[in-house]
Structures are given as structure tokens and as C-alpha cells.
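Right, one structure below, let's go through it.
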Amino acid sequence: MPSRKYGVGEQVMVKWPGSALWYPAKVLAIQGEEYRVKFEEGTEDEVTEDYVKPVSSFRRRSQSKSPSRRRSRSRSPARSPSRQRVSRSPSRKSVAQTSSVSKQRQQQQRQQQKTSSKTITTTVVTQSKSQPKPDLTPTRTPTRTLITSRSSTEVHTYTTRSSTKSGQQTLEPLVEFKTGRVPKTTSYEFGGPIGTLFIMLTLPPFIYYLYFTCSKDICRLQLLPAFSYDWRDYYDREAYLLFLGWIALQAFFYMLPVGSVVKGLPLRNGRRLEYRLNGFFALILSLIIFGGLVYKKYPVTVVCDKFLPLLTAALIFSLLLSVYLYLKARKAPGHALAPSGNSGNVVYDFFMGHELNPRIGRFDFKFFCELRPGLIGWVLMDLAFVVKVWTDFPQNPPWPLLLLTFFQLLYVADSLVYEHAILSTMDIIHDGFGFMLVFGDLVWVPFTYTLQARYLADNSGSIMPDYCLVLTFILGIAGYYVFRSSNSQKNAFRENPFAIQFANSSVLITGSGKRLLTSGWWGWLRHPNYLGDLMMALSWSLCCGFGSIVPYFYPIYMLILLIHRERRDSAHCRQKYGTVWAKYCEMVPYRIFPRIY
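Letter 302 of the sequence shown, counting from 1, is numbered 302 in full-length UniProt numbering, and no numbers are missing.
The structure is reproduced here in C-alpha cells:
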């Protein structure tokens with residue numbers, strides 16, 4: 001049996017898994033390769049020996065309330081390793097550089113005499129010829145490192161476990177700070193340059209195909225629908241100005257100083273971008289403006305009548321924006337590039353997005369386009385179809401269209417209410433902002449997701465019996481419940497995996513300390529939110545009855561998209577978590593559909 005460094009009953013310092021925080025604890029038992037420890041406030045946990053250190057290797061000191069002496073400034077990861085950092089006061093005046101560890105200890109002794117705060121700081125002095133990488137703590141204060149000629153001092157801060165479990169302190173994810181240019185993309189997606197070129201060349205014609213194959217006269221699958229060859233059907237000055245005005249209006253709402261400001265996940269260089277969350281506010285303002293136009297009898301149905309030139313305007317705008325973003329990315333710093341769009345191939349990088357978070361000042365192009373012009377425009381186009389049908393048939397309320405619009409308005413409102421959740425998605429943290437996302441946000445979403453509403457507006461007669469609408473309503477609400485509750489559980493666990501609601505949940509701990517939830521929705525399926533999404537998609541198409549297969553394009557498309565996205569996510573997690581992810585897949589074998597897939 002291997003010898004143990006620590007015995008039962010011994011006082012030790014234990015590192016909180018998933019962070020750089022250390023707590024005083026007592027060894028209760030030794031179980032195989034793990035120690036069962038009890039922290040000062042009574043919490044018990046099981047950790048490996050790597051997470052345990054003797055108390056003698058830590059030296060406590062109180063944290064000063066004085067901002068000038070509370071902490072030393074760290075060396076920026078972007079600076080040359082040979083440059084020495086010195087402490088700075090809030091007045092930005094330089095202080096003489098420390099030349100030995102003894103001077104640092106004298107400063108620490110003076111700081112110990114200050115009034116202590118709730119945050120405890122531990123200091124570990126290590127001998128090294130090169131600078132160690134700083135740890136990122138789950139507190140608001142990152143690790144600070146003092147550099148001398150042959151030694152370094154790492155300062156770790158931590159809060160009490162009781163404050164974290166109560167939700168007063170939330171965790172920030174561990175990120176390894178890196179400097180320099182993002183490595184070249186070595187693994188292609190979507191078939192590489194040839195596949196992405198094929199997608200870019202076929203997507204625009206496919207959008208027009210859906211429009212012409214499901215027209216007012218006929219809506220069925222056709223090999224060659226009756227395309228219009230008159231350029232005037234695609235160009236309308238009023239439609240183009242209307243589209244540009246819509247983009248400008250949503251950009252104005254985006255920049256309004258309304259709503260909370262939150263920080264995104266740490267970037268490669270440790271920086272965290274700020275985002276203003278006012279998407280739901282923009283939705284409410286847009287609905288009020290739309291209602292005011294209807295009240296003033298402005299012809300909002302112009303959106304329906306000029307659907308084709310509006311589609312063309314969105315396509316041209318998305319193409320021009322994609323070109324601008326790629327050219328802008330060519331001048332962006334190396335650390336700001338997207339890991340998935342840095343292959344060096346122009347076509348592939350243009351499609352995937354060369355820059356991760358393109359911005360002009362505080363205006364973030366990706367965050368703006370993800371949830372605002374396309375999603376809100378989708379809902380307002382639905383409402384325009386409702387106004388058109390109700391105006392033409394005032395004595396016959398379009399119940400299927402009203403139910404469809406309710407479903408889709410609920411979906412969009414949910415996305416904007418929980419706008420902060422998008423900051424941890426692959427679109428924000430991994431994918432660059434290029435043609436793929438620009439086209440998807442500004443063209444694909446508003447002009448294909450309104451296919452069912454356009455179909456119901458053109459076929460406003462009896463679609464299905466009322467009892468079928470009731471069953472469709474139940475399916476849609478059930479899908480929304482699965483979608484929302486599973487996403488809420490995921491977001492709450494990401495923000496604080498030690499919250500009270502997860503006290504009895506089972507988790508897997510990866511080598512980096514990250515925890516994978518294996519209870520609740522996420523112990524049933526790997527992606528229960530995808531299941532809810534597909535249930536909602538099917539309910540939307542069921543509102544259209546069974547007269548044509550074309551309105552069922554959306555759930556078919558979503559099925560293909562989510563299966564592909566699930567496989568991308570699984571490959572990413574397998575590479576990141578290794579054997580732990582394999583164990584998770586054994587515990588949760590079904591990906592999206594229980595007992596099927």
C-alpha cells in the first residue's frame with residue numbers, strides 16, 4: 001500500500017477543485033487514492049493528494065484596505081519575460097523595484113498590521129529561474145506575481161466556502177493565459193475550403209428556392225420552381241432603405257445605456273470583454289413601435305408585399321459585412337483571431353470568421369447580430385403576416401397563425417431574457433464572426449424561420465380541426481419546458497457548481513478541475529435542451545397542417561443542425577477532457593433522444 005503524506009486527523013490546506021483557492025481543512029479518512037476532508041465551516045469533500053498541501057507551506061496575511069498596498073501588480077502576459085515589474089500605486093507613480101525576497105517580506109509584515117477583510121490571502125515563496133504561469137482564481141482578483149532576479153511570489157486569494165455555497169460568491173472559469181498569435185487552424189470543419197465554398201455558393205440560391213417553391217399559388221417541392229428573371233422584383237428602393245433603417249434602429253437600441261453590463265468568459269490573453277444586456281428591452285421597444293404603426297394605420301404589411309427585395313437587401317448587406325469583417329481581421333492582433341478560422345486559407349477563414357470578437361469601440365458585431373436584428377425581425381415579420389390576414393379576413397381569426405406567432409414570440413423573448421447565456425456558447429467563445437454567422441443571423445433566421453407564417457398567410461383557410469391545435473399547443477409548451485428548465489439548470493451550474501441546489505447532485509471532476517453535471521436533465525441526456533428545441537420546432541410546423549411538406553423544412557433542418565452541433569461539441573469535449581468525457585458518455589449514453597440516439 002503506498003505511503004501517505006498526511007494522516008487522519010491532520011490539519012492541511014486543501015485546494016478547491018476547479019480553482020486556485022486553498023482552504024484550511026482536517027483529514028477525516030483516506031479512501032483509496034482520495035482524502036476525505038472537512039473544511040472549517042463543516043463542508044466535507046473528497047480530493048486527490050494533488051489538492052492537499054501541508055499548512056506549513058502557507059503563510060497567512062491580512063489583506064489591506066488600502067488600495068495602494070493591498071496587492072502588487074502582475075507582469076502582463078504580453079510583455080517580454082526579461083522585463084521586471086514593479087509595484088504601482090493608484091496615482092501611477094513608480095515605486096522602486098524590490099531587489100530581494102527579504103524586502104518583500106518586510107512589506108508583507110507591515111500589511112499584516114492592517115485591518116483584515118473577509119478575503120484571506122496566502123503567500124507561497126518559490127525559487128525559480130523563469131516566471132511561472134499565474135493562476136486564475138474564481139474571485140474578482142486574479143493572481144498577482146512579483147518577479148525578482150531569481151525568485152517569485154505567488155499570491156492566491158480565496159473566500160470562505162460558505163459564502164460561495166450560498167451564492168454570494170460566483171466562480172469564474174479557469175483559463176490558461178497565453179500570449180502571441182493564435183495557432184494555425186489544423187482541423188477543418190464543413191469539408192474544409194472546398195466544402196465551405198460550396199456552402200457559400202449554394203445557400204443564397206437555396207433561400208430563393210424556398211421562396212419560389214412555396215408561393216401563394218403553389219407550395220410543394222419542385223425541382224425547378226418558377227423563378228423570376230426580372231431584376232426589378234429583387235430591387236426596391238423602399239425595401240432596401242427599410243432594411244438599412246431596421247439595422248440602424250437596432251444598433252441604436254444596442255448602444256443605449258440601459259440594462260446590466262456583464263463580463264464574458266476570459267479570452268486567450270486573460271481579458272474579459274464587457275457586454276450590455278438590453279436585448280429584451282430592444283424587443284419591447286420594437287413591439288411598441290410596431291403597435292404604434294398599426295394604430296396609426298401605417299401599412300406594416302409592406303414587409304409581406306416586399307419580402308423578396310427585403311431578402312435580397314439582407315443578402316447583399318451580409319455579404320458586404322462579411323468582407324469588411326475579414327479585411328478588419330487581417331489587421332487585428334494575433335491573439336484576437338478565432339482558433340477555428342485561422343487556417344491561412346482565405347475562403348475557409350472568410351466563411352468561419354477570422355476574428356473572434358470584432359468590435360468598433362464598445363460595439364460588438366457578433367453579439368449584436370446574434371440575437372437582435374434577425375430574431376426580433378423574425379417576430380415582427382410574423383406579426384405583419386397576422387395583420388395582413390386579419391385585415392383581409394376580419395371575421396375569421398387566423399388561429400393557426402396566431403398560435404404559431406405566440407410560439408415563436410415566446411421563443412425569441414426567452415432568448416433575449418436569458419441573453420447572458422449566449423456568452424458561454426460555441427458561437428461566442430469559439431467560432432469567429434464571418435460569413436457563416438453573419439449570413440445565418442441576418443438572412444437565414446428571419447427569411448427561412450418565417451416560412452410557416454408566410455405559408456399560413458397564403459393559405460388562410462381551414463388548416464386543421466381545433467382539437468389538433470390543442471394537441472399542438474401542448475406539444476409546444478412541453479418542448480419549451482424541457483428547453484428552458486434544462487438550460488436554466490446548465491446556466492446555474494456553470495455560474496456556481498457549489499450552490500445549494502446542487503448539494504446532492506452527482507458530478508465528474510476533470511483533470512483541470514472543471515465539474516460535469518451528471519444529475520437532473522443532464523444525467524438523462526447529454527443535450528436535453530436540443531430535445532426541447534426539436535419539440536418546439538415540430539409544433540410550429542404542425543400549425544400548418546399536412547397540406548405540404550415544405551413548411552416542415554424547419555424541424556428537418558434543425559434536426560440536421562443539432563445533430564451536427566452535438567457531434568462538434570462532443571469532439572471538442574473529448575479532446576478537452578479525455579477519459580473523463582468517455583466516462584461521462586458511459587454514464588449518459590443518449591445524446592438527444594432517450595433510448596434512440
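Built from N, CA and C at the ideal position, the CB exists for glycine as well.
Residue range of the alpha helix (DSSP H) that includes residue i
i	result
residue 426	426–429
residue 188	From DSSP, residue 188 is part of no alpha helix (DSSP H); its letter is neither H nor E.
residue 260	Unbroken run through residue 260 is the beta strand (DSSP E), 260–263; no alpha helix (DSSP H).
residue 464	Residue 464 -> no alpha helix (DSSP H), and no H or E assigned at all.
residue 250	237–255
residue 448	445–448
residue 593	Residue 593 -> no alpha helix (DSSP H), and no H or E assigned at all.
residue 305	302–305
residue 457	451–458
residue 438	435–439
Where the beta strand (DSSP E) through residue i begins and ends
i	result
residue 24	22–31
residue 515	515–517
residue 277	274–277
residue 54	52–54
residue 15	11–15
residue 509	507–509
Closest by C-alpha distance to residue i, when choosing among the options
i	options	result
residue 210	435, 264, 307, 321	307
residue 278	271, 38, 253	253
residue 261	276, 491, 560	276
residue 56	204, 29, 11	11
residue 48	54, 39, 34, 546	34
residue 438	220, 383, 372, 424	372
residue 399	331, 559, 473, 282	473
residue 258	283, 246, 244, 268	283
residue 256	363, 265, 499	363
residue 195	345, 240, 333, 52	345
residue 390	266, 281, 514, 458	458
residue 270	429, 478, 470	429
residue 31	46, 23, 38, 24	46
residue 579	509, 192, 245, 244	509
residue 14	51, 8, 29, 5	51
residue 444	341, 597, 203, 181	203
residue 576	516, 386, 493, 593	516
residue 348	289, 333, 197, 491	197
residue 559	587, 584, 591, 315	591
Bridge-paired residues (DSSP) for residue i
i	result
residue 579	Per DSSP, none; premise fails for residue 579.
residue 48	34
residue 214	219
residue 39	25
Cβ-heavy atom distance, residue i to the ligand ADP, below 7 Å
i	result
residue 10	The ligand ADP is not among the ligands present in this structure, which contains no ligands whatsoever.
- For the 8 Å Cβ check, are there 3 or more pairs between the region 524–543 and the region 475–489? Contact between the region 524–543 and the region 475–489 is present: three or more C-beta pairs spanning the two stretches fall below 8 Å.
- Stretch pair the region 431–446 + the region 349–361: three plus CB contacts closer than 8 Å: Verdict: yes, contact present.
- Query: What are the start and end residues of each continuous alpha helix (DSSP H) run of 4 or more residues lying completely inside the region 373–415, in chain order?
  - Reply: If we require 4 residues or more, the alpha helix (DSSP H) runs fully inside the region 373–415 come out as 373–392.
- Inspect the CB distances between the region 440–458 and the region 547–559 and report whether three or more fall short of 8 Å. The count of Cβ pairs closer than 8 Å, one atom from the region 440–458 and one from the region 547–559, reaches three, so the stretches are in contact.
- Query: Do the region 518–534 and the region 562–581 meet, that is, are 3 or more Cβ pairs less than 8 Å apart?
  - Reply: Yes: the two stretches touch, three or more of their Cβ pairs being nearer than 8 Å.
- If you scan the region 318–378 from start to end, which runs of the alpha helix (DSSP H) of 4 or more residues do you find wholly inside it? Correct list: 346–352, 365–371.
- Message: Three Cβ pairs or more, each shorter than 8 Å: is that satisfied between the region 222–238 and the region 308–328?
- Response: They touch, by the three-pair rule.
- Message: Taking contact to mean 3 or more Cβ pairs, one atom from each stretch, closer than 8 Å, check whether the region 288–307 and the region 315–327 are in contact.
- Response: As far as the Cβ criterion goes, the region 288–307 does not touch the region 315–327, which means the pair count is below three.
- alpha helix (DSSP H) segments (min. 4 residues) lying fully within the region 525–566: Within the region 525–566, the complete alpha helix (DSSP H) runs of at least 4 residues are 528–542.
- Task: Could you tell me whether the region 372–382 touches the region 502–518, where touching means 3 or more Cβ pairs closer than 8 Å?
- Result: In the pairwise beta carbon analysis, the region 372–382 is classified as not touching the region 502–518: fewer than three pairs are separated by under 8 Å.
- Any contact of the region 403–411 with the region 382–391, i.e. 3+ C-beta pairs under 8 Å? Result yes; three or more Cβ-Cβ pairs closer than 8 Å.
- Item | Three or more C-beta pairs below 8 Å linking the region 543–550 and the region 217–226 | By the criterion of at least three beta-carbon pairs nearer than 8 Å, the region 543–550 is in contact with the region 217–226.
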